[in-house]
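Report on the following structure.
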Amino acid sequence: MKNFILGLFFFSLFGCDYYLVNPHRTHIGVIEAKMFSDDDGFKVCYNEKIFPYYYGRSPARFTSGKDTLRQMILDQFNNNGYTSISGYVTIRFIINCKGEIGRFRTEEVGIDFKKVNFNDYTVNHLLDIVRSLEDWTPIEFADANYDSFYHITFKIINGEIVEILP
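The opening position of the sequence shown corresponds to residue 1 in our numbering, with each subsequent residue numbered one higher.
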């Protein structure tokens, strides 16, 4: 009887612990290094944990603020005559604990949110603009900086950026 109770105790303690059975090592949306070959010089500080940008006491962000970010992007953007395109271009990337950015990925959808392929010029131009931005603040927990993934979505109507999200 004593062994049965002891066994039942250990089963209830460890047998039903979902995180022991199936531990979550990453967050949804994380950008894994093994998936890509670009950004050879970019390094994350903590491979085992990359957080969403909005976690923490102080979330990851563009240090000068969203208005400055928007103005810097709009000042550099040139549609190069591509005025017939409309939809959303999302650029996802990681901000490491030092405030450096890398592991860039793009996703494109139309106004109806169905997958489309924008012209290479527009996507690469937006990617180059985002890569050139250097004023990033990493996420902070308990007075320490950590890596996080971030995204910027451009709403484009007739070749012009009309909104930058988030």
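By construction, the Cβ of each residue, glycine as well, lies at the ideal position given by its N, Cα and C atoms.
- Here the segment 99-106 makes no contact with the segment 78-87; the two share fewer than three CB pairs at distances below 8 angstroms.
- Its chain contains Phe62 as the residues whose beta carbon lies nearer than 6 angstroms to that of Leu69, once the 5 sequence neighbours on both sides are disregarded; these appear in chain order.
- Fully enclosed beta strand (DSSP E) runs of no fewer than 3 residues occupy 87-95 and 101-109 of the segment 39-116, in order along the chain.
- In the structure shown, Asn145 falls within a strand segment according to DSSP collapsed to helix, strand and coil.
- Boundaries for Leu165: no alpha helix (DSSP H) harbours it, while the beta strand (DSSP E) harbouring it runs Glu160 to Leu165, taken from the DSSP string.
- Per DSSP, Thr122 has no beta-bridge partner at all.
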